Structures are given as structure tokens and as C-alpha cells.
Amino acid sequence: MRIALFEPEIAGNVGAVLRLGACLGASVDLIEPLGFEWDDRRVRRAAMDYIDHVSVVRHASFAAFRASIGASRLLLFTTKSRESAYAFRFKPDDVLLFGKESAGVPAEVAQACDERLTLPIRPEVRSMNLAMSTALALGEALRQTGTLPG
Numbered sequence: 820m821r822i823a824l825f826e827p828e829i830a831g832n833v834g835a836v837l838r839l840g841a842c843l844g845a846s847v848d849l850i851e852p853l854g855f856e857w858d859d860r861r862v863r864r865a866a867m868d869y870i871d872h873v874s875v876v877r878h879a880s881f882a883a884f885r886a887s888i889g890a891s892r893l894l895l896f897t898t899k900s901r902e903s904a905y906a907f908r909f910k911p912d913d914v915l916l917f918g919k920e921s922a923g924v925p926a927e928v929a930q931a932c933d934e935r936l937t938l939p940i941r942p943e944v945r946s947m948n949l950a951m952s953t954a955l956a957l958g959e960a961l962r963q964t965g966t967l968p969g
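End of the sequence shown = 969 in our numbering, gap-free, step of one.
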């Protein structure tokens with residue numbers, strides 16, 4: 820299972836996702852440009868020493884990233900879908916894609932994905948934090964595929 824972040828803007832969110840990947844055994848792909856300097860202390864602060872236990876790959880563009888995942892399904896998590904992640908059937912080699920905090924992904928990226936999924940939330944709110952969404956989605960995907968650690 821892989822996590823992919825499209826043009827993430829907040830170092831703390833990326834750090835939290837790196838820590839999540841380390842704890843649950845998922846690699847993390849970062850699709851540039853990033854909204855912060857990669858050597859930003861905030862990333863290491865949020866990821867702490869867990870950053871040494873996660874595989875991180877940076878990609879210069881979405882096209883480069885898409886080419887790198889081969890035949891794996893690319894699953895976009897978006898508020899613009901009606902298909903619940905909890906009703907979807909995950910596979911162990913799926914790639915879970917999350918858009919940038921301020922704008923998600925552009926239409927051409929959404930169209931390049933194999934599926935678009937949502938995490939159900941109450942109608943009076945817009946969206947969840949990127950790291951929280953990633954944790955919920957990855958946890959459900961690992962649970963379904965029987966690949967949770969331990």
C-alpha cells in the first residue's frame with residue numbers, strides 16, 4: 820500500500836503522514852512542487868525519528884509519479900465523490916492519492932485516477948485535515964486487505 824500526496828502545502832501534514840507511513844508500513848510518494856522547503860524543520864519535527872522508518876519518493880510531476888506506479892490502481896480521495904471508502908474494496912497494491920490542502924487536485928489529475936472515493940463527513944463541514952483523512956483511508960484499506968501490522 821502506498822500513500823501519495825499531490826503538491827502538499829503544509830510541512831506539518833507531510834510530517835504526520837510520514838509518521839503514519841512508518842507506523843503502518845506504507846511508503847509515501849510526494850508529488851512536487853511542495854509548498855515548503857523539503858529541509859524544513861517542521862517536517863522532521865512532526866515525523867520525528869519515524870522519518871528513518873518510511874520509504875519516501877519525491878516526483879518532479881504528476882506524470883512522473885503516474886508512470887512510476889505501473890499497474891497499481893490509483894485511488895483519489897476527494898470531497899467530489901459519492902463513493903464511500905468504506906463501501907469500496909481495496910487491494911494490497913493500491914495507491915491512495917490525496918490532493919493539496921487548499922485545492923485538492925486539478926480535473927486532469929482526477930480524470931487520470933482509476934477511482935474517486937470519499938470519506939463520509941457531516942454536511943455542514945467542508946473537509947477533514949489531510950493527515951487525518953490519510954489515516955482514516957489507510958487504516959480502512961489495510962484492515963480490508965488484512966495487512967495491518969501486528
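Where a beta carbon is used, it is the ideal one built from N, C-alpha and C, also for glycine. Remember, predicted model here, so these are calculated numbers, not experimental data.
Going by beta carbons, residue 893 and residue 885 fall inside the 9 Å limit.
Around the beta carbon of residue 967, a 10 Å sphere encloses fewer than 16 other beta carbons of the protein chains shown; the residue is thus reported as exposed. Shortest Cα-Cα distance from residue 939 to any of 868, 933, 914 and 951 involves 951. Scanning the region 914-940 for uninterrupted beta strand (DSSP E) segments of 3 residues or longer gives 914-917 and 934-936, listed from N- to C-terminal end. If you look at residue 907, you'll find it isn't in any alpha helix (DSSP H); DSSP assigns it neither H nor E.
In the displayed model, residue 885 falls within a helix according to three-state DSSP. When the five nearest sequence neighbours on each side are left out, the beta carbons in the same chain lying within less than 8 Å of the beta carbon of residue 876 are those of 846, 847, 848, 849 and 887, in order along the chain.
Boundaries of the beta strand (DSSP E) harbouring residue 846: 846-850, taken from the DSSP string.
Between the C-alpha atoms of residue 828 and residue 919 there is a straight-line separation of about 6 Å. With respect to residue 821, residue 915 sits close: the two C-beta atoms are nearer than 9 Å. Per DSSP, the continuous beta strand (DSSP E) segment holding residue 876 begins and ends at 875-878. Rounded to the nearest whole angstrom, the CA to CA distance from residue 913 to residue 891 is 6 Å. According to the DSSP assignment, residue 890 belongs to no alpha helix (DSSP H), since it is labelled neither H nor E. Buried is the label assigned to residue 862, since at least 16 other Cβ atoms lie within 10 Å of its Cβ. Rounded to the nearest angstrom, the Cβ distance from residue 924 to residue 855 is 18 Å, too far for a contact under 8 Å.
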